[in-house]
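This report concerns only the one structure given below.
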Amino acid sequence: MVKTRQQQAKQQETHTGVGVQTRSGASKSEKSEKPKKLERVELPRIVLSKEMNKRFQIKKAIAKNSRETVMERKLKKLFKYQRQYKEHRKQNNDEMLALWKNFNSAFTLIEGLYKFKDRVEDR
14 MVKTRQQQAK
24 QQETHTGVGV
34 QTRSGASKSE
44 KSEKPKKLER
54 VELPRIVLSK
64 EMNKRFQIKK
74 AIAKNSRETV
84 MERKLKKLFK
94 YQRQYKEHRK
104 QNNDEMLALW
114 KNFNSAFTLI
124 EGLYKFKDRV
134 EDR
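If you want it as structure tokens, here you go:
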């Protein structure tokens, strides 16, 4: 039977006596130590200096703006598709060709983006 490393280590542990040195150089202690249970420690609240606080607020604002610019780019793209769709409908007497069949999903995506934008602004 082939033993895994874990099984071999366990077997080696049981066969070594107290104070006997193993090949790795470790010796079994007289009293086996149980792992201590970790306690929750309250960390002191970090108070930033005025300058650091100002930097933090600026970084936060930049992050918020970058999120909004991503949203704006997505909206621009979708509005471009919407314009193309309307032009297409006008040129083809209100008939939708196969090329434009996915516009329903684009419109639902626009609605979803607006809802997402409202949630971001509420924060």
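When you line the sequence shown up against this note's numbering, it's residues 14 to 136, in that order.
From the three backbone atoms N, C-alpha and C, an ideal C-beta is built for every residue, glycine too.
Just so you know, these numbers come straight off a predicted model, no measurement behind them.
Extent of the continuous alpha helix (DSSP H) run through residue i
i, result
"residue 50", "Residue 50 -> no alpha helix (DSSP H), and no H or E assigned at all."
"residue 78", "63-104"
Close-in-space but distant-in-sequence residues of the same chain around residue i (CB under 8 Å, 5 per side omitted)
i, result
"residue 93", "none"
Residue-level contact to chain D via CB, residue i, 8 Å cutoff
i, result
"residue 98", "Any reference to chain D falls outside this structure, which holds one protein chain only."
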